[in-house]
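>
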Amino acid sequence: MWRGMERLDAGSPQQRALLAVLLLRGGRAASVAELVDALWGERPPATAVAALRTYASRLRKALGPDADVLVSNAGGYALQIDEKRTDLGIAEQLAGKAEQAHRAGCVDRARELLHRALDLWTGETLAGVPGPFCEAQRTRLEERRLALLESRLTLDLEAGRHAEAVAELTTLMAAYPLRERLRALLMLALYRSGRQAEALAAYADTRRLLAEELGADPSREISELHQRILRADPGLAVPPNGRREVLEAEAKPAQLPTDLPDVTGHAAVVKELREHLAAAEGQGGVLSAISGAGGVGKSTLAVHVAHELRRHFPDGQLYADLQGTGTSPAEPEAVLGTFLRALGIPVGALPRGVAERAALYRSVLAGRRILVLLDNARDAAQVRPLLPGTPGCAALTTSRVRLTGLAAAHQVDLDIMPPHDALALFTRITGEQGQAAMDVVAACGFLPLAIRIAAARLAARRSWTVSDLARRLADERHRLRELRAGDVAVTAAFELSYRQLSVPQARAFRLLGLPDGPGISLDAAAAVLGATTTDGRELLESLVDASLLQSPAPDRYQYHDLVRLYARSCAERDESPEQQDAARSRLLDFYLATTASVYAIQRPGDTAPNHLEPTRWPGLEFDRPEPALQWLFTEARSLLACAAASTHAPALRRAADLMLVAKDLAESGSDARQYTQVNARLVAAAEEIEDARSLGRLHCPMVNIHIMAGQLQEAEQAAQAIREQQLRCSDPVIAARVYNDSGILACMQNRHADAETYLLRALDAFRRHGDQNGTASALANLSRTYLDIGRVTEAVGLAEQSLAICRVIGATLRLANSRYALALVLAQAGRADDALAELAQARDVFHSHRHRLWEAMAYWRMAEIHLTAGRPARAAGLAEQALATSHGTGNNWLRANALSTLGRALQRTQHPDRARACWQEALAVYEELGSPEAADVRALLAG
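For what it's worth, this note's numbering labels the leading residue of the sequence shown as 949, then goes sequentially.
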């Protein structure tokens, strides 16, 4: 019971029981007899009535200034509190809103509301409150909680969060083994996670458990789901988010261009425009303005919407191409003359001048219902005199720039088509579908104009297949040349906008086409342009206004794929090779300097940033880890793309340094695949020119990456390569690191004498170079080695030394690694609770630093400790957390470890079929990796 933020003392258990009874009656009065029965049942004490009055008096005292809410009523009592202010009432309101949100198609909103409702349950319902009434209510409320939880888990699956749901459902199964709805959700979640064998095993466990405990068969729902899983029913796939309304086109003749029969996609935009413009009756000056890049389909969409709206404007539809992208835009006076003649005004009666014609135009429109379509507008000044201003009329404009100068205009920014709509457009034109057709529309960047041109080329060449066209478009160097059909070309649409740019805008447009990657931040773009962020923002925003550049988020920009190719072709044509190289070099400098700053703030005491290649263009500085990590992971793909493009000699060393200080992208598991691919490309370039320094630094992070993935042979090859390069160049950055990583590898291969030798060398080298972060790492690894050979006391001491150094230098991430190492030592020493505490702290740091692999490792180790301690249900939940956290990182070795542990936990919780499914999947991974753990899993399967 709370008053604001103050918790009130509800008194003894019987007193709390009285409070609970009155609260759950929702303000209705309860007689003394009813209350006695609720609190004591069939055998109340002789003093029950007196005790009841005492409890009521004490409750009033506890309520203080709110005592008047507890009233005596006809010999009984009532609590006059709005039911909606109680936790239960709030939960029911939230559940109702969640149901409404789900019906409206807002799945994420519904999930969030149910989360809030469930958060109102803390601990056991009515815990410690006696009496038959509360006992019955406890059961009812717990059932309600489980129903809401099942609803939220259902929405989790609908939202595509099946991997996360598996962990929670596995834990719930241990607590509610006979709840069939939860078992059905678990089967579906496993299936959608690609774990079909486990889903079928979960059904087998369910059938066996129901037969043993209840003598019953599974429900029809579970049985049907089992059959659908067996036949891999496509209907079990994740449903598409949201709901789309398909609108029927009405193609009727008018003063409009022909409505193309194959108009496809943008259903939500069509609906939005139609509803806005159809509301013109009774309103004056209704206006919608569509803006977007050339080729995105503005005109086609506007004409389509205008045709759909014809019945709402029975007095006619006017159309004009304002030629805003050409060298001679249409004059408003001339357009008004054309409109007035179409409205029945004789040529001789037309006044001269824009103002006079506009006044007559509005007068003629008065009392009529007419739609005006103004296509391809240059700016707001051109459009303004052509707008009807009387009730019942409406105007629809299209332009490559946003017409922000039009007061009260309903602005619509048209983007490229969604992939499925783009494929549907191509299929409607050509009849082709399938993967090759999708490859074609993807190469077209889902741009309607490009798709239509590609379709026209395919139709004009009867000997081509759609696969032939896809192969021709796959080459970025010639793609724009291929997207030409007769006198229609994609480049023509871009050229019109490019010619209207000022000299500084055109230079910015060209240079920003040089970097690869999905997008670019304002700071990175400023580096490319060699400009301040203030000047850079002004240039970039002007390109956004011209619909040549997109801004998906504040201070973040990107080109459409085809526009980027066009911009790059302009740069290669109009910028000298030296100017192009200078722009790319500034960007590489920016990424290296900024990533080095992130690395330094993540690893205080690490000396690597002191030995990087110098940079001429500055990077960003950070004073806290959170924004530094946010920058790194946001820029990951663009940063790696920049490194991949820097394979030539002048930039290669900086690219190698960039990969070294960006290793968190791989070690965290977030971008391991792209990082590894880029690293391999740079290694090949460094080998070609025999750059020992770059080779050593490129191989250095790969050792640990391979170790984390269980790829010990590849790790050994990388370590050997580093040792060879170190002999050639004596690089202080890798001198100690190669010994440290070689020691970890030797320990994992049970070569403990070699491990000790390597790690002692690493410790000595780190100390000589003053690298405290590295010293802490070597101590932690040496601790693990001593643990494996039974020197537990020394292992604990070394782990504690590592922790102490991390605390002194403030190395939060390294401290988490040291806690992880200490936890393994403590677990081996029989101090399970201390080990779990260390792992929990380490896990939280890994999570906050976005190191998903290490976070998953912590979950797995916690599961192992709980399993050893005889807590298999808790172990199963943690193993599932490890699987969910590592999902998408590509680390199959960790996945196999978690599956092996999960199987052992499931075996102990009487789920043998699902346990075997887990072991079989783990064995397949271990055998593929050549891991020694395969033998242990074979023994489990044979047992």
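Note that CB positions come from ideal geometry on N, CA and C, so glycine has one too.
Note that the coordinates shown come from a computational prediction; the quantities given were computed from them, not determined experimentally.
My understanding is that Asn1324 touches Gly1272, with C-beta atoms under 8 Å, so please give their C-beta distance in whole angstroms.
The Cβ separation is near 5 Å, so the contact holds.
> Among Leu1727, Ala1015, Gly1825, which residue has its Cα nearest to the Cα of Ala1846?
With distances taken between Cα atoms, Ala1846 lies closest to Gly1825.
> Under a three-way DSSP split, which group does Val1077 fall into?
Coil, per DSSP.
> With a CB to CB cut of under 8 Å and the five nearest residues on each side skipped, what residues in its chain are close to Gln963?
Excluding residues within five positions, the ones whose Cβ falls inside 8 Å are Tyr1003, Arg1006, Leu1007.
> Under the three-state reduction of DSSP, which class applies to Ser1099: helix, strand or coil?
Three-state DSSP puts Ser1099 in a helix.
> In the DSSP assignment, find the alpha helix (DSSP H) that holds Arg1376 and state where it starts and stops.
That run of the alpha helix (DSSP H) goes 1367-1378.
> Whose C-beta lies closer than 6 Å to the C-beta of Ala1164 among residues of the same chain, with five residues either side of it excluded?
Excluding residues within five positions, the ones whose Cβ falls inside 6 Å are Leu1158.
> I want to know whether the segment 1582-1595 touches the segment 1457-1466 - three or more CB-CB distances under 8 Å.
Yes, the segment 1582-1595 touches the segment 1457-1466.
> Name the residue from Gln1550, Ala1306, Ile1377 whose alpha carbon lies nearest to the alpha carbon of Phe1794.
Nearest C-alpha to Phe1794: Gln1550.
> Quick one: give me the first and last residue of the beta strand (DSSP E) that Ile1238 is part of.
1234-1239 is the extent of the beta strand (DSSP E) around Ile1238.
> Which of the three DSSP states is assigned to Val1331 in this structure?
Residue state, collapsed to three classes: helix.
> With burial defined as no fewer than 16 other Cβ atoms inside 10 Å of the residue's Cβ, what is the status of His1426: buried or exposed?
His1426 comes out exposed.
> Alpha carbon to alpha carbon, how far is Ala1303 from Gly1044?
Taking the straight line from one Cα to the other gives about 57 Å.
> What's the call for Leu1061, buried or exposed, on a 16-neighbour Cβ count within 10 Å?
Leu1061 comes out buried.
> May I have the straight-line CA-CA distance separating Ala1684 from Leu1693, to the nearest angstrom?
So the two alpha carbons sit approximately 14 Å from each other.
> Can you tell me whether Thr1352 is buried or exposed, with buried defined as 16 or more other CB within 10 angstroms of its CB?
The residue in question, Thr1352, is exposed, as its Cβ has fewer than 16 Cβ neighbours within 10 Å.
> Mind checking who Ile1468 pairs with in its DSSP beta bridge?
The partner list for Ile1468 (beta bridge, DSSP) reads Tyr1505.
> Which residues in the same chain have their Cβ closer than 7 Å to the Cβ of Val1885, if we skip the five residues on either side of it in sequence?
Hits under 7 Å: Ser1848, Trp1867, Ala1870, Leu1871, Tyr1874.
> On the CB-based measure, 16 or more other CB atoms within 10 Å of its CB, does Ala1408 come out buried or exposed?
By the neighbour-count rule (16 or more Cβ atoms within 10 Å), Ala1408 is not buried but exposed.
> Tell me Leu1322's beta-bridge partners as DSSP assigns them.
Paired residue(s): Ala1268, Thr1345.
> Taking the alpha carbon of Tyr1734 as the reference point, which residue from Leu1774, Thr1760, Ala1759 has its own alpha carbon closest?
The shortest Cα separation from Tyr1734 among Leu1774, Thr1760, Ala1759 belongs to Leu1774.
> Check whether the segment 1538-1550 touches the segment 1522-1530, taking contact to mean three or more Cβ pairs, one atom from each stretch, closer than 8 Å.
The segment 1538-1550 vs the segment 1522-1530: no contact.
> Ignoring anything shorter than 3 residues or poking outside the segment 1435-1461, list the beta strand (DSSP E) runs there in chain order.
Complete beta strand (DSSP E) runs here, min 3: none at all.
> Does DSSP classify Pro1860 as helix, strand or coil?
Helix at Pro1860.
> Which whole-angstrom value describes the C-beta separation of Leu1646 and Leu1630, a residue pair presumed to lie in contact below a C-beta threshold of 8 Å?
At roughly 5 Å, the Cβ-Cβ gap stays under 8 Å, so Leu1646 and Leu1630 are in contact.
> With a CB to CB cut of under 6 Å and the five nearest residues on each side skipped, what residues in its chain are close to His1252?
Closer than 6 Å at Cβ, skipping near neighbours: Asp1207, Val1211.
> Between the Cα of Tyr1151 and those of Pro1166, Ser1141, Leu1162, spot the shortest distance and give me the residue it belongs to.
Cα-wise, what sits closest to Tyr1151 is Pro1166.
> Hey, would you say Asp1679 sits closer than 7 Å to Arg1715, going by beta carbons?
Contact flag unset, no.
> Using only the alpha-carbon positions, how far apart do Met1650 and Glu1662 sit?
When rounded, the distance between both Cα atoms is 9 Å.
> Given that a residue counts as buried once 16 or more other Cβ atoms are within 10 Å of its Cβ, and exposed if not, what is Gly1190?
Reliability fails at Gly1190, whose pLDDT of 34 lies under 50, so the model's placement of it is uncertain and no value is given.
> Is the segment 1211-1223 touching the segment 1241-1250 in the sense that three or more CB pairs, one from each, lie closer than 8 Å?
Yes, they touch.
> Can you tell me the Cα-Cα spacing of Val1320 and Gln1203, whole angstroms?
For Val1320 and Gln1203, the distance between alpha carbons rounds to 10 Å.
> Restricting to runs no shorter than 3 residues, where is the beta strand (DSSP E) found entirely within the segment 1127-1194?
Counting only runs of 3 or more, we get nothing.
> For Leu1105, which residues in the same chain have their Cβ closer than 7 Å to its Cβ, ignoring the five residues on either side in sequence?
So the list reads Ala1113, Leu1133, Leu1136, Ala1137, Arg1140, once near-sequence residues are dropped.
> If distances are taken between C-alpha atoms only, which option among Glu1430, Ala1422, Phe1394, Glu1424 comes closest to Leu1406?
Comparing Cα positions, the closest option is Glu1430.
> Is Arg1008 near the ligand ZN - that is, is its Cβ less than 6 Å away from at least one heavy atom of it?
As for the ligand ZN, it is missing from this structure, which has no ligand bound.
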